[in-house]
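The block underneath contains the structure these notes are about, expressed in structure tokens.
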Amino acid sequence: QSVLTQPPSLSGAPGQRVTISCTGSSSNIGAGYDVHWYQLLPGTAPKLLIYGNSNRPSGVPDRFSGSKSGTSASLAITGLQAEDEADYYCQSYDNSLNVVLFGGGTKLTVL
Amino acid sequence: QVLLVESGGGVVQPGRSLRLSCAASGFTFSNYAMYWVRQAPGKGLEWVAVISDDERSEYYADAVKGRFTISRDNSKNTLYLQMNSLRAEDTAVYYCARGLTVISSRGYFDYWGQGTLVTVSS
Numbered sequence: 001q002s003v004l005t006q007p008p009s010l011s012g013a014p015g016q017r018v019t020i021s022c023t024g025s026s027s028n029i030g031a032g033y034d035v036h037w038y039q040l041l042p043g044t045a046p047k048l049l050i051y052g053n054s055n056r057p058s059g060v061p062d063r064f065s066g067s068k069s070g071t072s073a074s075l076a077i078t079g080l081q082a083e084d085e086a087d088y089y090c091q092s093y094d095n096s097l098n099v100v101l102f103g104g105g106t107k108l109t110v111l
Numbered sequence: 112q113v114l115l116v117e118s119g120g121g122v123v124q125p126g127r128s129l130r131l132s133c134a135a136s137g138f139t140f141s142n143y144a145m146y147w148v149r150q151a152p153g154k155g156l157e158w159v160a161v162i163s164d165d166e167r168s169e170y171y172a173d174a175v176k177g178r179f180t181i182s183r184d185n186s187k188n189t190l191y192l193q194m195n196s197l198r199a200e201d202t203a204v205y206y207c208a209r210g211l212t213v214i215s216s217r218g219y220f221d222y223w224g225q226g227t228l229v230t231v232s233s
């Protein structure tokens, strides 16, 4: 059971908007630590999608956006495309465990 | 471009040792904290260890503390993970990843390698 909770799976049709949640607690997201998001495709290096809650690295399409409020964060993907089918992970820091934390991951299926 | 290439994975018996390497290129390796992150089969990502840019600081996840050692050779642009007393639960794909210029609670990983698979089995 991950300290950062994500839905195990989500699905959406091409062109739709999906949102992946990442729920933490007062010792991680709620303590003000930033949330970052990664995309994992089989056989490829994980890719940073969002850093510092809402910032996109160069080269990441603006279809991807991040937000944070209270003890939760979200990754939104608009205009869903087949190539977005992947696993998505949130990451933060926990000051009671003193560790880098990852969410349990969300498998996104594009119908 | 930034490139991280892991090597050294394989099949090893429980209790034995293995050393992973991560060759870095395309950036000034000695300026960045470096991490190892793993993913067990069917499981999520798990932070394993971090080492500062100047090798003075290192930190470990409780699950590997006392068994794994992270190190780096800035002259060779290479990161290492010495894994001793391996257990079945250490079976995973091990990724090296670049952090910030300092070890920070605000840190994230902007570049990753493709990973190397370690299988601990008799």
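Chains as they are written, first to last, in the working numbering: chain A, 1 to 111; chain B, 112 to 233. Glycine included, each C-beta is placed from N, C-alpha and C at the ideal position.
Ranked by Cα distance from G12(A), the first of L80(A), V35(A), G66(A) is L80(A).
Look at A82(A) here: in three-state DSSP terms it is helix. Under the 8 Å Cβ criterion, the stretch 127–146 of chain B does not count as touching the stretch 28–46 of chain A, having fewer than three qualifying pairs. When Cβ pairs closer than 8 Å are counted between the two stretches, the stretch 7–24 of chain A is seen to touch the stretch 66–83 of chain A, the count reaching three or more.
As computed with DSSP, T139(B) is found in no beta bridge at all.
Between the stretch 50–70 of chain A and the stretch 2–11 of chain A, the count of C-beta pairs closer than 8 Å stays below three; the two stretches do not touch.
The contact set of D221(B) on chain A, defined by CB atoms closer than 8 Å, consists of L48, Y51, P57 in chain order. S168(B) and V60(A) have their C-alpha atoms some 32 Å from each other. Counting other Cβ atoms within 10 Å of its Cβ, T212(B) stays below 16 and is therefore classed as exposed.
Within the stretch 195–210 of chain B, contact with chain A at the beta-carbon level (separation under 8 Å) is assigned to Y206, A208. Between Y146(B) and chain A, the shortest Cβ-Cβ separation is below 9 Å. Per DSSP, reduced to three states, the secondary structure at E200(B) is helical. Close partners of A45(A) in chain B (Cβ separation under 7 Å): W223, G224, Q225. The stretch 48–65 of chain A makes no contact with the stretch 121–130 of chain B, as fewer than three CB pairs between them are under 8 Å.
Against chain A, the beta carbon of G155(B) has neighbours under 8 Å at S2, Y89, F102, G103, G104, G105, listed in chain order. The beta carbon of D201(B) lies closer than 6 Å to those of V231 in the same chain, with the five residues before and after it left out.
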